[in-house]
Structure formats: structure tokens, C-alpha cells
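Chemist: Number 79 in my numbering belongs to position 64 of the sequence shown; there are no gaps in the numbering.
To start, I am sharing the structure in question, which I have written as C-alpha cells.
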Amino acid sequence: MEMEINRGEYKILIVDDISSNVLLLKTLLVKEKYNVLTASSGYQALELTEKEKPDLLLLDVMMPGMSGYEVAQQIKSNPETKEIPIIFLTALNATFDVVNGFQAGGNDFISKPFKKEELIIRIDHQLSLVAAKRIIIRQTEELRKIICGRDKLYSVIAHDLRSPMGAIKMVLNMLILNLPSETIGKDMFEMLEMANRTTEEVFSLLDNLLKWTKSQIGKLNVVYQDFEITEVLESMINVLSMVAELKHINIKQDYKNHSAIVHADIDMIKTVTRNLLSNAVKFSHEGSNIYVDLNIQDDKAIICVKDSGCGISKEDQEKLLHEDTHFSSYGTHKEEGSGLGLLLCKDFVEKNGGELWFESEKGKGSTFCFSVPLKK
Numbered sequence: 016m017e018m019e020i021n022r023g024e025y026k027i028l029i030v031d032d033i034s035s036n037v038l039l040l041k042t043l044l045v046k047e048k049y050n051v052l053t054a055s056s057g058y059q060a061l062e063l064t065e066k067e068k069p070d071l072l073l074l075d076v077m078m079p080g081m082s083g084y085e086v087a088q089q090i091k092s093n094p095e096t097k098e099i100p101i102i103f104l105t106a107l108n109a110t111f112d113v114v115n116g117f118q119a120g121g122n123d124f125i126s127k128p129f130k131k132e133e134l135i136i137r138i139d140h141q142l143s144l145v146a147a148k149r150i151i152i153r154q155t156e157e158l159r160k161i162i163c164g165r166d167k168l169y170s171v172i173a174h175d176l177r178s179p180m181g182a183i184k185m186v187l188n189m190l191i192l193n194l195p196s197e198t199i200g201k202d203m204f205e206m207l208e209m210a211n212r213t214t215e216e217v218f219s220l221l222d223n224l225l226k227w228t229k230s231q232i233g234k235l236n237v238v239y240q241d242f243e244i245t246e247v248l249e250s251m252i253n254v255l256s257m258v259a260e261l262k263h264i265n266i267k268q269d270y271k272n273h274s275a276i277v278h279a280d281i282d283m284i285k286t287v288t289r290n291l292l293s294n295a296v297k298f299s300h301e302g303s304n305i306y307v308d309l310n311i312q313d314d315k316a317i318i319c320v321k322d323s324g325c326g327i328s329k330e331d332q333e334k335l336l337h338e339d340t341h342f343s344s345y346g347t348h349k350e351e352g353s354g355l356g357l358l359l360c361k362d363f364v365e366k367n368g369g370e371l372w373f374e375s376e377k378g379k380g381s382t383f384c385f386s387v388p389l390k391k
């Protein structure tokens, strides 16, 4: 179904060297409530098109001096007028070349003498396409502004909050290390632990948010380098061990004899590993173990993070890794998640030519794995 158009909003330029044809068309179209401009030659048509920017041309093919084809070609070669639709008018006894007409930039053609109803339908059809295109352009521009504003907001939130949160995180880490519970009492120490854990989570979320925003707006380049994957895993295990200790969780390495040089962006792989370990800690029960495993398979290193925590129900598994569901859930200590971490992991792993997948059973735990290409 075509768009309803208000004919009074559109200007139609009639171009014909025979004045009786121009008069007939003008009378007919004015009666149908269109705005009408007229030209009696190709040169005049180009001048008027440049000046008035009509919404549609009714263009006679056979004109002395400059043919309708030539007029159409000039209009279509000008960036400011190339989108204006053209309906060619051709005499029935003239050898009108349809192919040439379309190659010259014509959108439609109609034979003279024409039926009034057919002409009006063809004009309305072209104008409804113009109207639809304008709506799309306007909505695209509005959407671009909204996205631009959103990205700026995300960037400001993530970027400007990251530094102060980083400072608070360091202070709390120092306090926890230097103020044992015997000194400040069990209750105060528990509050300090809780503050420390919350700060770690907020910092992690801001980090994810900043990277996700940059990735989405194309400002995050993948910088490939060759590096030892076990070194990245160990550094991330060290970072997360402190948070894990608060829940008396051990992170164990299952790759004592493995080593692998991979070809990827080291920062992205660190982010992925940190997120998977952080999730494993969040969803693990007190006193349990988390295993980090590394295997070599063909031309890829496969890293798996396995926990024996809450696990994910079949229903919720389908919601993971989908941007539209943006699914998140609570950890064993009611830690909140944003659902952003896993989306970021998937995005980063795929940008580096790998895959991310998981297996999980409600109440028994989850294993999240990702692959990274080995150095060639």
C-alpha cells in the first residue's frame, strides 16, 4: 500500500516545447491540486530545476535543441538534483527507447495521448516514493543524533567515573590488607569486604561499558600481536584471586604443561578472561574451586573457565549472548550483574577470529570457553 500524499506539498515541473501540451497538462494537474511549474525547452528546464528544486519532472523526450534524455542526464549528474524523479512523456508514434530512457535516469514513462487516470496514478506513485524517502532520511538523521548522544553519554559515564572508582578501589584494597578483622572487629571487617567487592564490580562494569561503547561506535581497533596466553591467564587469575578469597574460593590452573603463543589483541583477551573469571567467582559457592583450563586444538588455543556454582537454567541459557535480551542475574552473594560482560566477551572474541560458547546445568555449575588463533 502506498503512502497517502498531500498533493499541495509537491511541485511538478512540466517540460514540453509544444505550448498546447504544456497548457493541457498544467490545467489537468492544477485541477488535481498539484503545484505546477512549466518550461518550454531543455535549457529552461535545467534552470528551473536548479532554482526551484521541483519534486517531479514530466519531461517530453522529443524537443529541439536539447532532448529529454540530455536534460535527464544533466539533472541526474548534479548531486543536488539527482534524486528528483523523472517521468518521460513520449508520442505514441515516436520510437521511444525504453532502455535509453532508464539509462538516462528516467523513473517511469507514459505515452501521449495519455489517459488522465493513468498519468495521475504514475505521478502519485513517484511522489509517494519521494515522501517515503524523505521520512527515512529524517528518521535516520534523528536516530543518528540519538545514537550519538547515547554514545557520548556512555563514554562520559564510563570514562569520567573510571578514574575516581579506580582510586577508591585501591584504597579499599589497601585497607582490607592492612586492617585485619581482629583490629577493627568482625562487623566492620564484613562491611569493608562488602564495600571492596561492590567497588570491584562497579569498576569492572565501567571498564566493560567503556570498551563496549568504543567497540560499538567503531573506535576500538584490534591490535594484533603474538603473546604467551598462559601469562595473560596467570595475570588475570592473580587479579581475581583477591575477590575470590573474600568468598574462600580457589582459582586453580589446569594447564601445568601447556604453553601457547597466540595471535590476538592482548587487551581484549585480558578483558574476556577477566569477565569469565569474575562471573565464575560471582556464581560460585563459598569454599568451592574454579578451574582454568587451556588446550591446543588444530590452529587454536581453547581456554575454559569452569565453576561448580549456581549454573544456568535451560530457559535462561537461550537468553545469554543476545543483545536484545540483555540478560543478567544475581550471584551467590546477591552480586548484581549488568549482562554486558558476556556480550563484550563475545564481541571481543569474534573480533579476534575466535568463538565463545558455554555449557551449564542448573545447580551444578557452568563452563565458559573461548578460542584464540595460534601464532602462524
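Cβ coordinates follow ideal geometry from the N, Cα and C atoms, glycine included.
These figures come from a predicted structure and were not determined experimentally.
#1: Considering only the alpha carbon of each residue, which of LEU73, GLN312, LEU187 lies closest to ALA60?
#2: List the residues that DSSP assigns as beta-bridge partners of THR382.
#3: Going by other Cβ atoms of all chains shown within 10 Å of its Cβ, with 16 needed for buried, is GLN89 buried or exposed?
#4: Who pairs with THR53 in a beta bridge, going by DSSP?
#5: Which residues in the same chain have their Cβ closer than 8 Å to the Cβ of THR64, if we skip the five residues on either side of it in sequence?
#6: Just the C-alpha distance for THR42 and THR155, rounded to the nearest angstrom, thanks.
#7: By Cβ distance, which residues of its chain are closer than 8 Å to LYS315, with the 5 residues on each side in sequence left out?
#8: Let's see if you can read the secondary structure: which residues bound the alpha helix (DSSP H) around THR105?
#9: Among all the DSSP beta bridges, which residues are the ones paired with TYR84?
#10: Please report the straight-line C-alpha distance between LYS48 and ARG22, rounded to a whole angstrom.
#11: Quick one: measure Cβ to Cβ for ARG212 and VAL254, integer angstroms, because I've assumed they're closer than 8 Å.
#12: In chain order, what residues of the same chain have a beta carbon less than 6 Å from the beta carbon of VAL37, not counting five sequence neighbours either side?
#13: Going residue by residue through the region 184–256, where are the continuous alpha helix (DSSP H) segments of at least 4 residues, counting only ones entirely within it?
#14: My assumption, with CB atoms under 8 Å, is that HIS273 sits in contact with LYS391. Please give the rounded CB distance.
#15: Using the three-state DSSP reduction, which class does LEU258 fall into: helix, strand or coil?
#16: Closest to PHE373 by C-alpha separation, out of ILE252, HIS140, GLN332, ILE191, would be which residue?
#17: Three-state secondary structure (DSSP) at ALA119?
#18: Does the Cβ of CYS163 have 16 or more other Cβ atoms within 10 Å, making it buried, or fewer, making it exposed?
#19: Inspect the beta-carbon positions of LYS285 and MET257 and report whether they are closer than 8 Å.
#20: Determine the direct distance from the alpha carbon of MET77 to that of VAL114, and round the result to whole angstroms.
#21: Beta strand (DSSP E) containing LYS267: first to last residue?
#22: Assuming TYR25 contacts ASP75 (C-beta within less than 8 Å), just tell me the rounded distance between them.
#23: At the level of alpha carbons, what is the spacing between GLY326 and ILE318?
#24: What number of angstroms, rounded off, separates the C-alpha of LEU40 from the C-alpha of TYR58?
#25: Is there a Cβ from chain D that is less than 8 Å from the Cβ of ILE101?
#26: On a Cα-Cα basis, can you pick out the residue from ALA119, PHE117, ARG137 that is closest to ILE125?
#27: Considering only residues of the same chain and omitting the five flanking positions on each side of ALA263, which have a CB-CB separation below 7 Å?
#28: DSSP state of LEU335, grouped into three classes?
#29: Once DSSP output is grouped into helix, strand and coil, what is the label at VAL76?
#30: Quick one: using the 10 Å Cβ neighbour count with 16 as the cut-off for buried, is ASN122 buried or exposed?
#31: Only counting the same chain, and skipping five residues up and downstream in sequence, which positions put a Cβ closer than 8 Å to that of LYS131?
#32: Kindly list the residues whose CB is nearer than 7 Å to the CB of LYS226, restricted to its own chain and excluding five residues on each side of it in sequence; keep chain order.
#33: Return the bridge partner residues of SER126 from the DSSP annotation.
#34: Can you look up ILE150 in the DSSP assignment and give me helix, strand or coil?
#35: How is the beta strand (DSSP E) around ALA279 delimited, first residue to last?
#36: When DSSP labels each residue in this structure, what does ASP282 get in the three-state scheme?
Modeler: So, from the data block:
#1: Counted from its first residue, the sequence shown places residue 60 at position 45. ALA60 has its Cα closest to that of LEU73, out of LEU73, GLN312, LEU187.
#2: Within the sequence shown, residue 382 is the residue found at index 367, counting from 1. The partner list for THR382 (beta bridge, DSSP) reads LYS321, GLU374.
#3: As a first step, residue 89 is located in the sequence shown; it is residue number 74 there, counting from the start. Buried.
#4: Stepping through the sequence shown from its first residue, residue 53 is reached at position 38. Its beta-bridge partners are ILE29.
#5: The count along the sequence shown starts at 1 and reaches residue 64 at position 49. These residues qualify, in order along the chain: LEU28, LEU72, ILE90, THR96, ILE99.
#6: Stepping through the sequence shown from its first residue, residue 42 is reached at position 27. Stepping through the sequence shown from its first residue, residue 155 is reached at position 140. If I take the Cα positions, the gap works out to 38 Å.
#7: Looking up residue 315 in the sequence shown gives position 300. Here the set comprises GLY369, SER386, VAL387, PRO388, LEU389.
#8: As a working mapping, residue 105 is identified with position 90 in the sequence shown. Element bounds for THR105: not the alpha helix (DSSP H) but the beta strand (DSSP E), 101–106.
#9: The sequence position of residue 84 within the sequence shown is 69, counting from 1. Looking at the DSSP assignment, TYR84 forms no beta bridge with any residue, so it has no partner.
#10: In the sequence shown, residue 48 corresponds to position 33, counting from 1. In the sequence shown, residue 22 corresponds to position 7, counting from 1. Cα to Cα, the separation comes out at about 6 Å.
#11: Position 197 of the sequence shown holds residue 212. Position 239 of the sequence shown holds residue 254. With 8 Å as the limit, ARG212 and VAL254 do not qualify as a contact, their Cβ atoms being about 14 Å apart.
#12: Along the sequence shown, read from residue 1 onward, the residue named residue 37 stands at position 22. Hits under 6 Å: ILE29, ASP31, THR53.
#13: 196–199, 201–231
#14: The residue you call residue 273 lines up with position 258 of the sequence shown. The residue you call residue 391 lines up with position 376 of the sequence shown. In fact, because the Cβ distance is near 19 Å, the residues do not count as touching under 8 Å.
#15: Residue numbering aside, residue 258 sits at position 243 when the sequence shown is read from its first letter. Residue identity check: residue 258 is Val in the sequence provided, not Leu. The answer is helix: DSSP assigns VAL258 an H, G or I state.
#16: For this step, residue 373 is matched to residue 358 along the sequence shown. It is GLN332 whose Cα lies nearest to the Cα of PHE373.
#17: Walking along the sequence shown from the start, residue 119 turns up at place 104. Coil.
#18: Position 148 of the sequence shown holds residue 163. So CYS163 counts as exposed.
#19: Position 270 of the sequence shown, counted from the first residue, corresponds to residue 285. Position 242 of the sequence shown, counted from the first residue, corresponds to residue 257. Contact: no.
#20: For the purposes of this step, residue 114 is taken as residue 99 along the sequence shown, with counting starting at 1. For the purposes of this step, residue 77 is taken as residue 62 along the sequence shown, with counting starting at 1. Going by the C-alpha atoms only, they are around 16 Å apart.
#21: Numbered from its first residue, the sequence shown carries residue 267 at position 252. Start and end: 265–268.
#22: In the sequence shown, counting from the first residue as 1, residue 25 sits at position 10. In the sequence shown, counting from the first residue as 1, residue 75 sits at position 60. The pair is not a contact, with the Cβ atoms about 20 Å apart (cut-off 8 Å).
#23: Here residue 326 is taken as the residue at index 311 of the sequence shown, counted from 1. Here residue 318 is taken as the residue at index 303 of the sequence shown, counted from 1. Rounded to the nearest angstrom, the two C-alpha atoms are 19 Å apart.
#24: One-based indexing of the sequence shown puts residue 40 at position 25. One-based indexing of the sequence shown puts residue 58 at position 43. LEU40 and TYR58: Cα-Cα distance of roughly 20 Å.
#25: Here there is only one protein chain, and chain D is not present.
#26: In the sequence shown, counting from the first residue as 1, residue 125 sits at position 110. Considering only alpha carbons, the answer is ARG137.
#27: To locate residue 263, count along the sequence shown from 1; it is residue 248. Ala is not the amino acid found at residue 263; the sequence shown has His there. So the qualifying residues of the chain are GLU301, GLY302.
#28: What you label residue 335 is simply residue 320 of the sequence shown in a count that begins at 1. It is coil, neither helix nor strand.
#29: If you number the sequence shown from 1, residue 76 lands on position 61. Reduced to three states, the DSSP call for VAL76 is coil.
#30: Residue 122 sits at position 107 when you count from the first residue of the sequence shown. Label assigned to ASN122: buried.
#31: In the sequence shown, the residue the question calls residue 131 occupies position 116. LEU43.
#32: Here residue 226 refers to the residue found at position 211 when the sequence shown is read from its first residue. These residues qualify, in order along the chain: LEU235, THR286, LEU359.
#33: For the purposes of this step, residue 126 is identified with residue 111 of the sequence shown, where counting begins at 1. Beta-bridge pairing links SER126 to THR105.
#34: The residue labelled residue 150 in the question sits at position 135 within the sequence shown. Note: ILE150 maps to helix in three-state DSSP.
#35: Sequence index remark: in the sequence shown, residue 279 carries index 264 (1-based). 276–279 is the span of the beta strand (DSSP E), which, as asked, contains ALA279.
#36: Here residue 282 is taken as the residue at index 267 of the sequence shown, counted from 1. In this structure, ASP282 counts as helix in the three-state DSSP scheme.
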